[in-house]
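Participant: One structure coming up, written as C-alpha cells, with questions to follow.
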C-alpha cells in the first residue's frame, strides 16, 4: 500500500468499475481504503494484472463540509469512480468526519508512570498503532514498552554511549533505529530485539534520524555536519549528504519519501533528492542556528524554526521563502504542521507557542500559560488540539481554535523534553528529566 496510507480501513471488498486507460490497459477499481489522518480515500485498482494505489486527498474535509458537493467533485475528477459509487463514497466521507470529531471533549488522565531508565531519558516515540513505544537514555540502551500494560518488552543493548535519537519504521512498526553519541546507528527487530545492522561511518555523535515512509531507507544526521542515507535491508551506506558547515540537528523525509530536508547550526536548511543524494536547494535567510524543520503533508512546503526567533515557510520546488513568521521574543525550539498542512505551530524559549495559518502567515492564537521554555510541540492527528512540553515540569493541552489551555498534565518532578500523541490522538506520552515516562489516556 502506498506510503501515504496511514490508517487503513477496508471499505469494499470487490468493486467492478472498469475504466479504459489507453487501448489495452484497463483500470479496474478493486476497493476503497480509508486514510484517517489527513483525511483521504485510497483507491486500490488493477491495471495490467498489477495491484496499484492512488490517493484521493480530502484535506479540506471538515465537520461543516458540504459532503454532497465533495462527492460530486471527486466523481467528476476521478475516472476510476463511477456514479454508482456515490452512496459508498458519501458513507466513507461521513466516516472520516466522524473520526475527526472523536475524543473531542475528553480530558486526559494519568494512566501509568514508568520508571524507565536509571539514567536520564533522551527521547521517546510511538509506533503507529500506539500500542508500543520506545525510550532512549543516557544508560546506553533503548527500551521497548507495551503502552497498555506499561510492561517493558525489550532492552536494546549494544551502544557504547548515550542513545540519543530513536524511531520506529512507521507505519509498519517492526523495526527500530537508534542513533548514539558513539557515532553509530543500529537497526533492530522491534519484535525480537535482534540487532540487524550497525551503521558505521559518521565521525561524531548522531543526533537525529528517521526512516523513510516506505521503510527502505534510514537517514542519520550528525555533529560532523553530514547526513547519511542507509539501506535498511543491507545496512549499507547509500550516500552522504555533504554541504553543511555545522552540526545537523533536524532531518525529515517528505510523505512520498522522495526528498529529505536537513536543518543545521550553519543557519541553513537543505533540500535533497533521496534517490541520488543531490542537494536541490539551500534554504538560506535565517540569522541563527536552525532548531527544527518539517515538511507539510503534500511535500510542497517546509518550515524551519531558528534561534533567530523566527519561523520561515519555504516553497520546496523553488527553494524560495514564502513567509517569515515573527512574534516570539526568544529562540524558537520546535515547529510542527498539522496533519493537512493548513496550520503550523511554533514553540519558543519565551514560554509561549504560536499557531499560524500556513497560507496567510497570520498568527491565529498565542498559547500563554507555561512558566518555562517550551521545547516540544505537536498537533493531535485531528488537528483540534496541541500539546506542549515545558521546562516548568508540565505538559499542556490546548484548543487550536481559541488558544485556550484545556488541561495541565502535572506530576513530573523535572523538565519535560518530549511529548507525543499516538496515531488515534487518544494517548499522550511525556518524557522527563526525572527519568520517568507518563502515559496519559482519554
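In this note's numbering, the protein residues as written are 107 to 548.
Built from N, CA and C at the ideal position, the CB exists for glycine as well.
Can you tell me where the alpha helix (DSSP H) holding residue 178 begins and where it ends?
Facilitator: Stepping through the chain shown from its first residue, residue 178 is reached at position 72. Here the alpha helix (DSSP H) through residue 178 covers 173-183.
Participant: Run through the DSSP bridge pairs and tell me what residue 362 is partnered with.
Facilitator: The residue labelled residue 362 in the question sits at position 256 within the chain shown. Answer is none; residue 362 lacks a bridge partner.
Participant: Just confirm the distance between the C-beta atoms of residue 425 and residue 389, as a whole number of angstroms; I'd bet it's less than 8 Å.
Facilitator: Along the chain shown, one-based indexing puts residue 425 at 319. Along the chain shown, one-based indexing puts residue 389 at 283. The pair is a contact, with the Cβ atoms about 6 Å apart (cut-off 8 Å).
Participant: Excluding the 5 residues flanking residue 232 on each side, which residues of the same chain have their C-beta closer than 7 Å to its C-beta?
Facilitator: Counting from one through the chain shown, the residue named residue 232 turns up at place 126. Excluding positions up to five away in sequence, the list reads 239, 526, 528, 535.
Participant: Let me confirm a value: residue 252 is counted as buried when at least 16 other C-beta atoms fall within 10 Å, else exposed. Which label applies?
Facilitator: Taking the chain shown and counting its residues from 1, the one referred to as residue 252 is at position 146. So residue 252 ends up on the exposed side.
Participant: Under 8 Å by Cβ, that's how I've got residue 181 and residue 189 pegged, so tell me the actual separation to the nearest angstrom.
Facilitator: As a working mapping, residue 181 is identified with position 75 in the chain shown. As a working mapping, residue 189 is identified with position 83 in the chain shown. So it is a contact: roughly 6 Å between Cβ atoms.
Participant: I want to know whether the segment 298-312 touches the segment 331-347 - three or more CB-CB distances under 8 Å.
Facilitator: Because the criterion of three Cβ pairs below 8 Å is met, the segment 298-312 and the segment 331-347 touch.
Participant: Do you know offhand how far residue 234's Cα is from residue 148's?
Facilitator: Locating residue 234 in the chain shown gives position 128, where the first residue counts as 1. Locating residue 148 in the chain shown gives position 42, where the first residue counts as 1. Straight-line Cα distance between these residues: approximately 18 Å.
Participant: Going by Cα to Cα distance, which pick from 358, 289, 281, 308 is closest to residue 315?
Facilitator: Residue numbering aside, residue 315 sits at position 209 when the chain shown is read from its first letter. Closest by alpha carbon: 358.
Participant: Under the three-state reduction of DSSP, which class applies to residue 240: helix, strand or coil?
Facilitator: As a working mapping, residue 240 is identified with position 134 in the chain shown. In the structure shown, residue 240 sits in a strand (DSSP, three-state: E or B).
Participant: Can you find a C-beta in chain C that's less than 8 Å from the C-beta of residue 148?
Facilitator: Absent from the structure: chain C. Only one protein chain is present.
Participant: Which class does residue 164 belong to by DSSP, given the choice of helix, strand or coil?
Facilitator: Numbered from 1 along the chain shown, position 58 holds the residue referred to as residue 164. The answer is coil: DSSP assigns residue 164 none of H, G, I, E or B.
Participant: Pull the bridge partners of residue 337 from the DSSP assignment, please.
Facilitator: Taking the chain shown and counting its residues from 1, the one referred to as residue 337 is at position 231. DSSP, once it has assigned bridges, lists 323 as partnering residue 337.
Participant: Below 8 Å on the Cβ atoms is my guess for residue 199 versus residue 175; work out the distance and round it to an integer in Å.
Facilitator: On the chain shown, position 93 is the one that residue 199 refers to. On the chain shown, position 69 is the one that residue 175 refers to. So it is not a contact: roughly 11 Å between Cβ atoms.
Participant: Do residue 501 and residue 515 come within 8 Å of each other at the CB atom, strictly closer than that value?
Facilitator: On the chain shown, position 409 is the one that residue 515 refers to. On the chain shown, position 395 is the one that residue 501 refers to. Yes.
Participant: Taking 8 Å as the cut-off, does the segment 219-228 touch the segment 240-251 (at least 3 CB pairs, one atom from each stretch)?
Facilitator: Touching, per the Cβ criterion.
Participant: On a CA-only basis, which of 433, 277, 392 is nearest residue 530? Give me that one, please.
Facilitator: Start at 1 with the first residue of the chain shown, and residue 530 comes out as number 424. When only C-alpha atoms are compared, the closest one is 277.
Participant: Just mark residue 289 as buried or exposed, buried being the case when its beta carbon has 16 or more other beta carbons within 10 Å.
Facilitator: Counting from one through the chain shown, the residue named residue 289 turns up at place 183. Buried: at least 16 other Cβ atoms inside 10 Å.
Participant: Within this structure, are the beta carbons of residue 291 and residue 283 separated by less than 8 Å?
Facilitator: In the chain shown, the residue the question calls residue 291 occupies position 185. In the chain shown, the residue the question calls residue 283 occupies position 177. Their beta carbons are under 8 Å apart, which means residue 291 touches residue 283 by this criterion.
Participant: Hey, which unbroken runs of the alpha helix (DSSP H) at 4 residues or more fall wholly within the segment 186-232?
Facilitator: Listed in chain order, the complete alpha helix (DSSP H) runs (minimum 4 residues) inside the segment 186-232 are 192-206.
Participant: Cα-Cα, which of 140, 497, 444, 438 is closest to residue 522?
Facilitator: Working through the chain shown from its first residue, we reach residue 522 at position 416. Among 140, 497, 444, 438, the Cα nearest to that of residue 522 belongs to 497.
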